[in-house]
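Below is one structure, written out as structure tokens; comments come after it.
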Amino acid sequence: MQQGKSNAIDLFYDSCEPDGDPSLPNAPGLQLSFRGRSNSRTIINGRLSAKTIFNYQAIPSSQGTLTIPAFRVKTSEGELTVSPARFEVVEATVGNTGISPDEVFMSLFQTRDPSIYEGEVFELEYIAGAKQDYQLADLSVPTWNPSTLVTGGLVDGQVTGVNYDGSQYVVKVYTAKAMATQSGFLEVEGARQEATVVIGRRRDFLFQEPVYDAFTIESDPFSVEVLPLPNGAPASFRGAVGSFALESRVVPEEVQIGEPITWTLELSGSGNWPAGIGVPPRSVSSRFKAIQPEIKNEFEDDDLFTGRQTEDIVLIPTEVGSFEFGPVQYTYFDPVSESYKTIEIPAKTVTIVPAAPTNPSLSSALEGDAPEIVSGSGPANQETYTLDPNGQNVFLKPPELLKDPLSGASSFAIPTIAKTIYKPTLVALACPLAFWFLLAFAKGFANDPRKSERKALSELRKISRSKFPDDPEARKKLHLKWRDAAARYFALSAIEPTPDEVATAALQLRGEEFAANWRNAWQLSDQALFGVADYDHEEWLRLQRLACSACPSKSFNPSQVFKYKSWVPTFAILALLTLAVQNLSAQSESAEVNSLYNQGKFKAASAKWVEAINESPEVFEYRYNAGLAAAQLGDWSRAWGLWTGSFCLDPSNEEVAWNLRIAHQNTSAYDPVLQSLLESEGLYALVKLRSPAAWQSLSVHSLWALGALLSLSILALYLRPARKLASPLFILGLLAGVLAYFSIWAHMKYEALGDPNTLLVIQESALLSIPTDLQPDQVSSSVSEGSVARFEKSFLGWMKISLPNGESGWVRRESLLPLYGELTQI
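The sequence shown begins at 706 in my numbering and counts up by one.
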């Protein structure tokens, strides 16, 4: 482990289930935070293997040997002991540069005022970031809990560039309002947060993916001078510091005896509200009966120091006369003017008059019989109505019984993200054996894994023969080019291999002298690229030329001719010959699982069908039948998700539509596009004639037909006997083009249901802004059961999804089900 760096520790439950969450022991110098939980199940040779993994973030705070003591956990197999784990904690570095994180990151607090008064609300700025040379990818929510200040926490600010100690940094500026409750020099704790930077690039087939590294940065503690409040405070001062306003209202100002009067005091402003300040006390005549006052506090969501307090006192007069309410005084200290200010509200006079005589006629209105109120008519007189929305009688009994399982294995295409236009139009039927072997030899040569290594050796030899440049930047480019070619020659997967890794790979090809030359040359190259002091470039030239001259050639291996990729035609013929046998086998296996379902063994049947889905996700019947088993087990939301996937594979199947309607009655799932397709509303009756993948395929084939027919029509113009066919061919081509664009439109009408990365929410879940449950105050919302979302990315046990309304966030994997593809892909 590296000190101050985020590391991952996993706790495995193999062949057992956890009984509750484990309680990890305290390890001195180690901060452990729960990240997430994942489950995996595999079936090998008919045996089920289950594994549960608890993932923790581990951040060591000091170097040396770190030990997590042994502890016991409760499992389905009883209490088990987890052996102690020991780790060596070393100084952290940024990537393979050898540079300390302190030289890359900055984290500090700064105050706008050198000194403040006790109780004064002041602003702090917290600045965190990294040098501009390192691409700052992410900053986590900072953790800051000062014990000497009262604060509402740090608030996100803007990202900007600053110059600090002669270097350019990309930073985020946080602000915080705080208040000190005691005078003197206060030591304030620093803040901690996780910073992620890009440390390199990983080569892919076409692109380069960034490689990230996360570090925990912590700002130094800082001190604040807090001045005591000046002497000479008025008697009405009760500790308020800031800027306030006071309002007094008495309603009504003339009442009868026994009628209530409401006296309201409202204090508003910005200041030290957390210190317990409030409206001033007041006194009233003993000729009034007071009801317990009601106090209402109103504060802004993200500001503890700005708000309003309202106190209503209800008074009941018992005597006639005129009474004064007030005056009211309120004193506060204004830190801007550094003086005490007093708000004075003059007294208000309230007049109490005798109560009016009671009206004896009021009771006469209640005499006599009350009119009879009829709430409704009896069944015999009930009028009947015909309710027929959209031509459907809603009083008909809804479907309740599920359809039977389906046999067979009908494969349907799964839609793709990119609409491929080009497809092979000719399929080879037969080739002579000699030509076939020649093709296999050429294919084997093209697929030779040593091809890239031979190319890299050629580049190394070219570099060793080239002239060494004088320009420093050109020298660095030459070093990078040489290192890239060497890494490909030795087939090293690391982005920045170490000298030991290069020497180990060289030792496998030649002797120790060959490996030593490569190690020494690589170390000099490291100094040239990442070192501070100058290096001996003449020695590097000698070593790399000596090492390159001793590199053995990697010739073509004739055995590649007999590899799988070289004999694709053979496998194609074998697949055609065994297609019928596979179909019979699939039908036999399907009948066996259907028998389990018919015997009421729904859990066993469900496991078989889920296994079949993971092996062949394009088969319609597997998803359909797995949905039946889930419904029989009471998991209607999962049944809805599986039936939605099978419906999108074959929307013309009425049996899956029937079951989907039943699922809608037993869940809160609702998607407007799916509902329109089910009920064939408007143009959706045409759209559901084909699946999303079928519309995609039809659009591609129609475009091919468009090009072919237009080409034939042009060719017919040049052939005298065929000129009469030019116009019909041209019209047919236009019709093919219209069909192609209609197919694209029909596929778009499926919206998210036509996307292969679509996920279905099968249980109501919290939509979080960050993938963790450890931040209860983060921004979150709720995503309802039956929502259709698109996949964005994943992190541990979380997946980020985007909803049709544009909202996006993180949810647990367990709440999601893929619309297409394998069920284990999430």
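Note that CB positions come from ideal geometry on N, CA and C, so glycine has one too.
- Relative to the Cα of P1356, the nearest Cα in the group Y1455, R987, F759 belongs to Y1455.
- The beta carbons of E830 and V878 sit closer together than 7 angstroms.
- By the Cβ test, the stretch 941-956 is in contact with the stretch 970-985, since at least three Cβ pairs between them sit closer than 8 angstroms.
- In terms of Cβ geometry, L1458 and F1496 do not form a close pair [threshold 7 angstroms].
- Residue state for Q961 is assigned as strand, using DSSP reduced to three classes.
- Beta-carbon to beta-carbon, V860 and E958 are separated by about 45 angstroms, too far to satisfy the 8 angstroms threshold.
- Around the beta carbon of R1343, 16 or more other beta carbons sit within 10 angstroms, so the residue counts as buried.
- E971 is bridged by DSSP to E952, T1015.
- Secondary structure of G1514 (DSSP, three-state): strand.
- For T1209, the enclosing alpha helix (DSSP H) stretches over residues 1204-1212.
- Our two residues, P1202 and A1196, have alpha carbons roughly 11 angstroms apart in a direct line.
- If you look at M1453, you'll find it in the alpha helix (DSSP H) that goes 1431-1454.
- If you check the CB distance, P933 and E1043 do not come in under 7 angstroms.
- When the beta-carbon positions are compared, R817 and E825 stay at least 7 angstroms from each other.
- The beta carbon of W1227 is closer than 6 angstroms to those of P1204, V1207 in its chain, skipping five residues each way along the sequence.
- With a beta-carbon spacing of about 4 angstroms, L1347 and G1332 fall inside the 8 angstroms limit used to define contacts.
- Around R1013, the same chain offers S973, E1003 as residues with beta carbons nearer than 6 angstroms, after the five sequence neighbours per side are excluded.
- According to DSSP, residue pairing for T798 in a beta bridge does not occur.
- When C-beta atoms of the stretch 1014-1026 are compared with those of the stretch 963-972, three or more pairs fall below 8 angstroms, so the two segments count as touching.
- In this chain, I982 is not harboured by any alpha helix (DSSP H), its DSSP state being neither H nor E.
- Taking the C-beta atoms as reference points, L1434 is found nearer than 7 angstroms to S1418.
- Here V876 is not near F927, since their CB atoms are 7 angstroms or more apart.
- With respect to A1441, A1410 sits close: the two C-beta atoms are nearer than 7 angstroms.
- Ranked by Cα distance from Y869, the first of V809, L1251, V1493 is V809.
- Judged by DSSP in its simplified three-state form, S1321 adopts coil rather than helix or strand.
- Under the three-pair Cβ rule at 8 angstroms, the stretch 1516-1526 counts as touching the stretch 1467-1474.
- The Cβ-Cβ distance between W1341 and A1368 falls below 7 angstroms.
- Segment contact: the stretch 881-889 against the stretch 839-856, three or more CB-CB distances shorter than 8 angstroms; contact assigned.
- In this structure, Q708 sits near A797, with a CB-CB distance shorter than 7 angstroms.
- Taking a C-beta distance under 7 angstroms as the contact criterion, S1474 and G1514 qualify as a contact pair.
- Within a 10 Å sphere around the beta-carbon of I1506 sit 16 or more other beta-carbons, which makes this residue buried.
- Across the set S1373, A1336, C721, K1167, the C-alpha of C721 shows the shortest separation from the C-alpha of E784.
- Y1194 is not a Cβ neighbour of L1229, given a cutoff of 7 angstroms.
- L1388 carries a coil assignment under DSSP once its states are collapsed to helix, strand and coil.
- Put simply, the backbone Cα of E782 is about 16 angstroms away from that of L716.
- Cβ contact annotation for I1000 (same chain, cutoff 6 angstroms, sequence separation greater than five): E1016, in chain order.
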